[in-house]
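Engineer: Sharing a structure below in structure tokens format, with a few things to ask.
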Amino acid sequence: MACVLEAPLRMSVLSEVTASSRHYVDRLFDLDPQKVLQGVIDMKNAVIGNNKQKANLIVLGAVPRLLYLLQQESSSTELRTECAVVLGSLAMGTENNVKSLLDCHIIPALLQGLLSPDLKFIEACLRCLRTIFISPVTPEDLLYTDATVISHLMALLSRSRYTQEYICQIFSHCCKGPDHQTILFNHGAVQSIAHLLVSTSYKVRMQALKCFSVLAFENPQVSMTLVNVSVDGELLPQIFVKMLQRDKPIEMQLTSAKCLTSMCRAGAIRTDDPCIVLKTLPCLVRMCSKERLLEERVEGAETLAYLIETDVELQRIASITDHLIVMLADYFKYPSSVSAITDIKRLDHDLKHAHELRQAAFKLYASLGANDEDIRKKIIETENMMDRIVNGLSESSIKVRLAAVRCLHSLSRSVQQLRTSFQDHAVWKPLMKVLQNAPNEILVVASSTLCNLLLEFSPSKEPILESGAIELLCSLTQSENLALRVNGIWALMNMAFQAEQKIKSDILRGLSTEQLFQLLSDSDVNVLMKTLGLLRNLLSTRPHIDHIMSTHGKQIMQAVTLILEGEHNIEVKEQTLCILANIADGTTAKELIMTNDDILQKIKYYMSHSNAKLQLAAMFCVSNLIWNEEEGSQERQDKLRDMGIVDILHKLSQSSDPNLCDK
């Protein structure tokens with residue numbers, strides 16, 4: 001199919017297009033096949049390293065003609081091969097070049113070319129496909145539209161070291177996410193590619209390794225398979241460990257560390273396995289040193305952050321390996337005035353990408369400080385750390401902002417730091433700013449951090465309240481995003497803990513009864529539990545209980561009935577009975593229970609329940625209702641006695657559970 005130019009060529013463009021460029025295209029239409037071949041060869045030599053010439057030829061319509069010649073059965077194999085080479089060269093130009101080639105449907109034409117018996121032509125088609133697929137403008141799914149393509153590529157793996165290199169490179173660039181991993185896995189990718197790890201060609205070994213690093217990423221099925229695959233009598237993890245050694249190229253060390261990291265995170269290798277503790281982790285720490293290139297430092301830190309993210313022991317080991325915590329501080333001083341980079345081009349590149357270093361450092365600090373109080377203290381004591389996080393929260397790069405919030409969230413788990421560093425640097429201010437207008441992925445982590453800043457011992461709680469947090473958090477509880485709903489209600493729950501009556505009233509007003517019911521009927525048990533936790537915190541201390549029940553009593557009793565009658569787990573029912581026990585502790589509020597026979601019957605029912613937790617919670621209700629020193633206690637006791645509560649209490653006093661017995 002011919003490519004049509006979208007707009008007529010302007011004169012300025014035409015003047016750019018030199019006569020010689022037109023001459024190259026004209027020769028493609030010569031009637032003499034030999035002259036056409038020579039024309040293609042001359043064109044190949046003209047475009048090598050010349051982006052202007054490439055653009056000219058594309059504008060002049062060379063691509064449709066080259067594709068036509070490539071697909072013609074009557075074209076000689078040599079001509080078809082040279083056409084594939086020129087198209088590959090055009091694809092190595094700018095992203096716009098690749099777009100032009102894609103618009104001319106180059107991929108189906110090249111895939112068709114792979115059916116040829118001629119190896120040189122196949123290699124030229126694969127090389128061109130490789131160049132196109134590694135471009136960010138090419139949709140990966142184009143590789144998977146025809147089910148036969150993958151199996152044909154697998155079959156071509158055995159043809160030559162070039163087919164191996166290019167096909168592995170295509171796979172590693174086009175394997176994005178679980179669906180692609182599954183397709184490749186089901187086509188036998190693991191078995192077909194494994195033996196390439198011991199190829200005599202470094203490029204083949206490297207591309208095969210990259211394939212495994214993308215196949216195994218967050219994929220337990222692939223990881224579990226890799227552990228048991230052996231090549232020449234050696235298991236893959238052992239081969240990966242050999243590739244980690246210091247005498248191997250950095251790219252190889254890093255990629256094999258990524259493979260082992262994915263296998264470890266998927267549970268295929270234990271976190272205390274020597275190949276992780278003594279090989280993978282130290283290798284990744286080495287990648288963070290300032291001797292390494294920017295990309296290597298970024299990839300090393302991000303992979304290490306992922307490796308240790310959920311394992312306390314690995315976090316501790318990493319924190320004391322090669323002064324890592326101090327080493328990461330250099331990520332923020334890049335490039336330094338005494339930078340070793342003498343190459344101006346390199347310096348320019350690194351300045352543009354310095355934000356990636358900051359992002360990687362924040363990510364790794366977040367993983368390091370996820371659990372251990374001493375590590376958090378060391379991180380915060382690293383020079384200007386809190387200032388760096390605060391600056392990170394307002395960076396233009398969304399990835400840096402997200403990583404800075406993650407780091408802050410990790411450090412906010414420390415009671416000590418919430419009381420000191422977080423207060424000294426007024427971290428809540430930039431955090432509230434982030435929460436005003438951010439994409440969901442940042443909002444989720446930022447709102448989690450806010451939950452911690454609202455704990456009752458945090459000095460930030462007061463100023464956060466004054467800055468309009470209630471309204472913000474109430475709006476989060478209405479989010480479509482589950483994590484945001486949970487965090488919104490969780491933060492309100494923390495806010496309501498031991499709060500003044502005004503704050504509690506503001507929360508109830510901000511939420512509205514309608515929204516409260518919405519949350520209590522949420523399908524997610526986490527939302528439900530946090531909403532009940534909020535209610536329990538709102539209904540604490542007598543004056544508050546009586547005040548809230550005088551304004552919202554009817555709705556709250558309705559909600560309690562709804563949950564006690566519903567199909568909910570033990571924890572939900574227990575929390576609900578605890579709310580009733582709090583209401584029963586009010587002076588006037590307890591009448592809402594005493595005048596509600598339905599609720600009283602439910603309390604009686606749960607006193608005889610098979611679960612001790614529910615029995616205990618129901619007894620708390622009774623205990624608060626019959627307290628002797630309170631007005632009307634005699635009437636309440638009589639009513640409960642008439643209901644048969646005393647008989648149940650007698651029975652429970654014989655219980656084998658000491659808690660029930662005592663109560």
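Residue numbering for the sequence shown follows full-length UniProt numbering, starting at 1 and increasing by one per position. Beta carbons are placed, not taken as given, at the ideal position from N, Cα and C, and that holds for glycine. Predicted model only: the values in this text are computed from it and were never measured.
1. Within the same chain, show all residues whose beta-carbon is closer than 7 Å to that of residue 44, passing over the 5 residues directly before and after it, in chain order.
2. Beta-carbon within less than 8 Å of residue 227's beta-carbon, same chain only, minus the 5 sequence neighbours each way: which residues are those?
3. Please give the ranges of any alpha helix (DSSP H) in the stretch 151-215, keeping only runs that are unbroken, at least 4 residues long and fully inside the region.
4. Assign residue 338 to one of two classes, buried (16 or more other C-beta atoms within 10 Å of its C-beta) or exposed (fewer than that).
5. Please name the residue, chosen from 211, 46, 104, that lies closest to residue 665 on a Cα-to-Cα basis.
6. How would you call residue 106, buried or exposed, if buried means at least 16 neighbouring beta carbons within 10 angstroms?
7. Any heavy atom of the ligand ZN closer than 7 Å to the CB of residue 67?
8. Taking only runs of the alpha helix (DSSP H) that begin and end inside the stretch 483-532, which ones reach a length of at least 4 residues, in chain order?
9. In the structure shown, what three-state DSSP assignment does residue 560 receive?
10. Pick helix, strand or coil for residue 608, following the three-state DSSP scheme.
11. Excluding sequence positions up to five away, which residues of its chain have a Cβ less than 7 Å from the Cβ of residue 447?
12. The alpha helix (DSSP H) that contains residue 327, what's its start and end?
13. Could you tell me the distance, in whole angstroms, from the CA atom of residue 214 to the CA atom of residue 181?
14. Since residue 389 contacts residue 404 with CB under 8 Å, what's their CB separation in whole angstroms?
15. So does the stretch 370-383 actually touch the stretch 341-360, counting three or more Cβ pairs closer than 8 Å?
16. So what's residue 235 in DSSP terms, helix, strand or just coil?
17. How long is the line joining the alpha carbons of residue 72 and residue 330, rounded to whole angstroms?
18. Are residue 150 and residue 183 close, meaning C-beta to C-beta below 8 Å?
19. Give the straight-line distance between the Cα atoms of residue 553 and residue 534, rounded to the nearest whole angstrom.
20. Does the stretch 243-260 come into contact with the stretch 271-282, if we say contact requires no fewer than three beta-carbon pairs (one atom in each stretch) closer than 8 Å?
21. Quick check on DSSP: helix, strand or coil for residue 230?
22. Answer yes or no: do residue 40 and residue 28 have a C-beta to C-beta separation smaller than 8 Å?
23. Given this structure, state the Cα-to-Cα distance separating residue 673 from residue 378, to the nearest angstrom.
24. Going by C-alpha distance, which of 635, 639, 624, 619 is nearest residue 650?
25. Do the CB positions of residue 91 and residue 145 come within less than 8 Å of each other?
26. Taking Cβ to Cβ, would you say residue 194 is nearer than 8 Å to residue 229?
27. Which class does residue 97 belong to by DSSP, given the choice of helix, strand or coil?
28. Taking Cβ positions, are residue 370 and residue 441 nearer each other than 8 Å?
29. Hey, out of 148, 223, 199, whose CA is closest to residue 178's CA?
30. According to DSSP, is residue 275 part of a helix, a strand, or is it coil?
31. Please determine, among 500, 261, 162, 218, the residue with the shortest C-alpha to C-alpha distance to residue 461.
32. Just to confirm before moving on: does the CB-CB distance between residue 319 and residue 398 stay below 8 Å?
33. At which residues does the alpha helix (DSSP H) containing residue 417 begin and terminate?
34. Using a Cβ-Cβ cut-off of 7 Å (strictly less than) and excluding sequence neighbours within five positions of residue 636, which residues of its own chain qualify?
35. Determine the burial state of residue 233: buried for a count of at least 16 other Cβ atoms within 10 Å of its Cβ, exposed for fewer.
Structural biologist: So, from the data block:
1. 82, 85, 86, 89
2. 235, 236, 237, 263, 268, 269
3. 161-174, 178-186, 189-194
4. Because residue 338 carries a pLDDT of 47, less than 50, the predicted location of this residue cannot be relied on, and the following value inherits that uncertainty. Per the 10 Å Cβ criterion, exposed.
5. Here the chain comprises residues numbered 1 to 663, so residue 665 is not present and cannot be evaluated.
6. Counting Cβ neighbours within 10 Å, residue 106 comes out buried, since at least 16 surround it.
7. The ligand content of the structure shown is nil, which means the ligand ZN is not present either.
8. Unbroken alpha helix (DSSP H) stretches of 4 residues or longer found wholly inside the stretch 483-532: 501-511, 513-520, given in chain order.
9. helix
10. coil
11. 435, 476, 484, 487, 488, 491
12. 324-329
13. 8 Å
14. Rounded to whole angstroms, the Cβ separation of residue 389 and residue 404 is 5 Å, and the two are in contact under 8 Å.
15. no
16. strand
17. 58 Å
18. yes
19. 15 Å
20. yes
21. It is a strand residue.
22. yes
23. Since the first and last residues shown for the chain are 1 and 663, residue 673 lies out of range.
24. 619
25. No, Cβ-Cβ distance for residue 91 and residue 145 is not below 8 Å.
26. yes
27. helix
28. no
29. 223
30. helix
31. 500
32. no
33. 415-419
34. Here the set comprises 594, 625, 626.
35. exposed
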